[in-house]
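Colleague: Chains as they are written, first to last, in the numbering used here: chain V, 1 to 242; chain H, 243 to 484; chain L, 485 to 726; chain S, 727 to 968.
Using N, Cα and C, we set each Cβ at its ideal position, and we do this for glycine too.
Here the structure is a predicted model, which is why all the values come from computation and not from measurement.
One structure, as structure tokens, below. Some questions next.
This is the structure we're talking about:
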């Protein structure tokens with residue numbers, strides 16, 4: 001492993017072109033903003049990548065030199081090339097950490113790693129979300145109190161069609177009465193996957209300090225300690241005699 | 243296994259002596275009421291037991307002839323004899339199903355099986371609870387739609403200090419903004435354990451048809467298919483040659 | 485749900501054309517043999533389907549009328565049409581049970597549902613496999629003692645690259661010293677998935693009574709109790725007032 | 727959290743008085759030997775405690791200043807005072823890491839945290855154990871290859887009566903044909919618990935470099951990032967307005 005955690009912040013960079021609220025909140029792009037609050041961490045080495053770049057900025061070389069990848073997408077999931085998705089998938093199995101944010105629940109890479117539909121309910125009326133800690137002491141929740149509030153945001157509601165998480169660390173309630181498993185972890189191969197619900201494109205959710213704290217912690221949590229190559233070896237008898 | 247599912251409904255029978263609302267709702271005791279809605283199921287054979295009976299009605303013989311035990315307790319947890327708790331515990335490990343209702347989260351048997359503190363937040367202002375299905379298709383949720391509502395009840399809120407459930411099948415939201423994992427399953431030894439949040443003593447929660455449906459389904463789900471005796475055998479080499 | 489459990493036994497029917505040992509053991513095909521030992525169960529209604537049939541025998545109508553699908557494949561995984569795989573996948577999410585046998589660990593449907601590579605180690609020297617019960621009392625293990633032995637079979641060894649199973653119910657040791665998680669369960673959407681290692685094409689593994697017992701139990705365990713349609717509804721505020 | 731990880735190595739110090747092989751292997755006690763191989767880690771601050779000390783060396787002050795506790799016991803489980811067990815338990819719920827070694831499967835603290843009988847099979851004929859990695863990339867397995875071998879040791883076999891582990895990271899096979907889940911993790915409250923099978927008192931198992939590596943990694947993995955106090959607060963309505 002490298003000395004620093006090499007983080008690649010990926011964004012689809014699409015709302016940035018068509019949605020005025022997004023442009024106002026994130027004039028340099030959501031990915032740039034996320035990279036911006038991660039960068040001050042002395043143990044991180046942060047770069048961005050986005051859909052418009054060749055190979056969406058996720059060449060084999062970039063991925064080979066990424067410890068943790070964060071993913072934000074929404075209206076352009078379908079434009080992500082399958083071969084790039086496969087490349088990211090292979091790196092997760094091989095150990096790279098993956099943090100899927102908000103509407104990335106429907107990204108090709110997340111649904112491929114989950115093996116489920118990842119559907120959910122939704123509503124967009126700027127309501128209050130309260131995120132409750134369901135696993136105190138978890139590394140991803142360092143510095144987070146019992147709960148935190150996002151005053152105005154989109155609602156996501158259960159049933160969220162995911163495999164039973166390895167750990168459910170945050171559950172949200174919404175003003176309108178819905179609930180949602182907002183912080184969930186899974187291992188896939190040697191890689192750690194974290195889904196984190198906050199992060200809507202037209203509310204200033206990524207400005208929230210607790211949201212930034214959780215993502216920052218998740219980067220450290222997801223950083224691999226070793227690599228893994230999935231192979232199918234044919235083994236001889238008596239191997240233990242050698 | 244017997245032809246019918248032998249259900250024992252246990253109640254501490256304490257609020258019934260001191261709490262007017264409980265007396266009014268459940269004049270014959272909560273355990274009698276629960277047994278009453280379970281009994282019409284042709285595949286069930288239902289009896290009750292309570293704290294006041296010798297050995298709290300849970301003699302070795304009763305437990306040996308119980309497939310599924312339901313447990314409700316609140317103000318008298320401390321009066322349950324440790325030796326009875328141990329006997330119930332041994333039967334769960336041996337295969338008996340256990341359904342812990344509402345304030346049974348703090349019963350000696352539940353905390354002993356969980357290995358955690360089982361603390362939670364609470365408030366009693368007759369607020370609305372909505373129970374959301376987080377595992378559609380689960381046997382315990384047969385006949386339950388996407389969600390169901392209990393109009394007036396006590397609130398329980400996270401953090402609920404339990405081990406990561408094997409399955410989280412229901413999550414509640416409350417009018418006041420809290421959330422709670424209201425339907426959780428675990429296996430302990432050969433036994434299946436279900437925790438179900440609804441069931442407060444001063445609101446007519448057990449009158450609710452969806453609540454009755456869940457408990458009825460849970461009895462079928464928790465019924466054992468075989469028995470198990472935890473032993474520590476010393477095995478010889480070459481056993482596979484015999 | 486129908487009165488009987490509608491089981492479809494799928495086989496790729498490929499070794500049956502090229503492998504003499506398979507032809508001798510299973511002259512009518514492995515799928516026919518599996519259907520043969522399942523059929524005597526009065527609560528089952530069993531049919532077969534295979535790769536050579538139109539749409540591999542898995543039309544929408546067949547799948548819509550299947551409660552539990554068993555899957556065996558090996559040398560022809562790549563010949564299974566992606567659109568049929570998608571159809572099976574959608575039915576599993578919707579509630580259909582799926583039992584993947586032996587080399588089906590590498591089938592398109594299993595890897596798609598797992599979200600991992602599903603690699604493993606292997607060796608083919610007719611060695612002894614012992615399957616140890618790690619979850620006594622599990623419904624799939626009804627009638628299975630502490631362990632059972634398959635005298636001569638292929639070895640599969642860890643690391644088996646699967647998500648952490650919801651339940652690990654059988655672990656194998658092999659004469660050569662390897663281990664393998666041979667019985668694992670997961671839920672995906674409303675569907676239950678069981679992976680069961682035994683079932684090699686050139687050893688009489690499906691003749692083994694314990695193997696037959698496990699598969700028979702698994703059919704009952706995997707049978708759905710309800711259906712589920714994964715959708716993404718936009719919900720209005722105030723829904724609970726209606 | 728403190729700058730260094732404060733490790734307390736607890737031993738029952740009983741075989742050291744009566745078992746010649748133990749005396750020869752560990753003349754200063756097993757706990758001293760374990761502390762000896764942990765101490766060179768610059769980020770650890772290691773002390774020992776044992777049964778013979780007042781309060782078994784586990785006073786409130788010692789526990790309050792312990793980040794990770796390792797536990798070895800066997801013939802003296804019954805001599806550990808219940809009040810000390812409760813104190814350790816409270817600290818685990820509150821965040822302290824706990825590593826239970828070998829025969830500590832039957833310790834009061836481990837069975838109390840598990841909520842199961844923790845029985846297993848055993849045999850003592852100095853046979854070969856192979857520990858296979860079932861979760862490559864796990865932090866506790868850093869520096870461990872695909873498997874490692876302990877040439878001569880006692881056998882532990884399934885069924886090991888534990889709750890389904892959060893993660894099963896190592897599974898052993900034994901020369902005699904048994905298997906065992908040798909590396910398992912759980913969270914209890916805010917604390918992380920690791921059970922690790924190796925560590926018999928009459929074989930030089932703790933001399934094994936891979937065993938030392940796993941225990942060393944586990945200390946770092948189990949170190950808490952925050953503290954937690956299990957309480958049952960009564961919450962007012964309208965708390966989110968404040």
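#1: In angstroms with no decimal places, state the Cα-to-Cα distance between residue 739 of chain S and residue 897 of chain S.
#2: Between residue 377 of chain H and chain V, is there a C-beta pair that is closer than 9 Å?
#3: Mind checking if residue 622 of chain L is an interface residue toward chain H, Cβ cutoff 9 Å exclusive?
#4: Taking the CB atoms as reference points, tell me whether residue 905 of chain S and residue 884 of chain S lie closer together than 9 Å.
#5: Is there a C-beta anywhere in chain L that falls below 9 Å from the one on residue 897 of chain S?
#6: Which residue comes first and which comes last in the alpha helix (DSSP H) that contains residue 943 of chain S?
#7: Which residues in chain V sit within 7 Å of residue 364 of chain H, going by Cβ to Cβ distance?
#8: Please compile the residues from chain H whose C-beta is within a distance smaller than 9 Å of the C-beta of residue 612 of chain L.
#9: Looking only at C-alpha atoms, which of H:477, H:457, H:470, H:410 sits nearest to residue 250 of chain H?
#10: Have a look at residue 380 of chain H and residue 674 of chain L and give me their C-alpha separation to the nearest angstrom.
#11: State the start and end residues of the unbroken beta strand (DSSP E) segment that holds residue 817 of chain S.
#12: For residue 881 of chain S, which residues does DSSP report across the bridge?
#13: Sort H:252, H:362, H:449, H:336 by Cα distance to residue 392 of chain H and report the nearest one.
#14: DSSP three-state call for residue 247 of chain H: helix, strand or coil?
#15: Give the range of the alpha helix (DSSP H) segment to which residue 747 of chain S is assigned.
#16: Taking its Cβ as the centre, do 16 or more other Cβ atoms sit within 10 Å of residue 620 of chain L, making it buried, or is it exposed?
#17: Could you pull out every residue in the same chain whose Cβ sits closer than 8 Å to the Cβ of residue 566 of chain L, ignoring the five residues on either side in sequence?
#18: Using CA coordinates, which residue listed in V:79, V:26, V:68 is at the minimum distance from residue 54 of chain V?
#19: Which residues, taken in chain order from the stretch 182-201 of chain V, show a beta carbon closer than 7 Å to some beta carbon of chain H?
#20: Would residue 663 of chain L pass as an interface residue toward chain S - the criterion being a Cβ-Cβ separation below 9 Å?
#21: Can you check DSSP and say which residues form a bridge with residue 421 of chain H?
#22: Using a Cβ cut-off of 8 Å, pull out every chain S residue sitting near residue 630 of chain L, in sequence order please.
#23: Would you mind telling me which residues of chain V sit closer than 7 Å to residue 954 of chain S, beta carbon to beta carbon, in chain order?
#24: How would you list, in chain order, the residues of chain S whose beta-carbon sits under 7 Å from the beta-carbon of residue 95 of chain V?
#25: With distances taken from CA atoms, which of L:514, L:709, L:721, L:521 is nearest residue 384 of chain H?
#26: Taking the alpha-carbon positions, what's the residue 796 of chain S to residue 761 of chain S distance?
#27: Counting C-beta neighbours from all protein chains within 10 Å, is the total for residue 647 of chain L 16 or more, i.e. buried, or is it exposed?
#28: So, with DSSP's three-state summary, where would you put residue 792 of chain S?
#29: Buried or exposed for residue 725 of chain L, please, with buried defined as at least 16 other CB atoms from any protein chain shown within 10 angstroms of its CB.
#30: Just the chain L side, please: which residues come within less than 7 Å of residue 234 of chain V by C-beta, in chain order?
#31: Starting from the beta carbon of residue 452 of chain H, find every residue of chain A whose beta carbon is closer than 7 Å, and list them in chain order.
#32: Tell me, please, whether the CB atom of residue 252 of chain H is closer than 9 Å to any CB atom in chain V?
#33: Compare the C-beta of residue 652 of chain L against all C-beta atoms of chain S and say whether one is closer than 9 Å.
#34: Using a C-beta to C-beta distance shorter than 9 Å, which residues of chain V count as neighbours of residue 396 of chain H?
#35: Where residue 194 of chain V and residue 222 of chain V are concerned, what is the direct C-alpha to C-alpha distance, given to the nearest angstrom?
#36: Determine the closest residue to residue 506 of chain L out of L:524, L:701, L:684, L:671, with distance taken between C-alpha atoms.
Modeller: With the structure as the only source:
#1: 28 Å
#2: yes
#3: yes
#4: yes
#5: yes
#6: 935-948
#7: Within chain V, no residue comes near residue 364 of chain H; the closest Cβ sits about 14 Å away, beyond 7 Å.
#8: 482, listed in chain order.
#9: H:457
#10: 7 Å
#11: Per DSSP, residue 817 of chain S belongs to no beta strand (DSSP E); it is in the alpha helix (DSSP H), 808-820.
#12: S:849
#13: Per the C-alpha coordinates, the member of H:252, H:362, H:449, H:336 positioned closest to residue 392 of chain H is H:449.
#14: strand
#15: 746-751
#16: buried
#17: Excluding sequence neighbours, residue 566 of chain L sits near 592.
#18: V:79
#19: Here the close residues number zero.
#20: yes
#21: H:415
#22: Those within 8 Å of residue 630 of chain L in chain S are 885.
#23: 136, 137
#24: 863
#25: L:709
#26: 10 Å
#27: buried
#28: coil
#29: exposed
#30: Those are 606, 607, listed as they occur along chain L.
#31: The structure shown contains no chain A; its protein chains are V, H, L and S.
#32: no
#33: yes
#34: Here the premise fails: no neighbours, minimum Cβ distance about 17 Å.
#35: 8 Å
#36: Out of L:524, L:701, L:684, L:671, L:684 has the C-alpha closest to the C-alpha of residue 506 of chain L.
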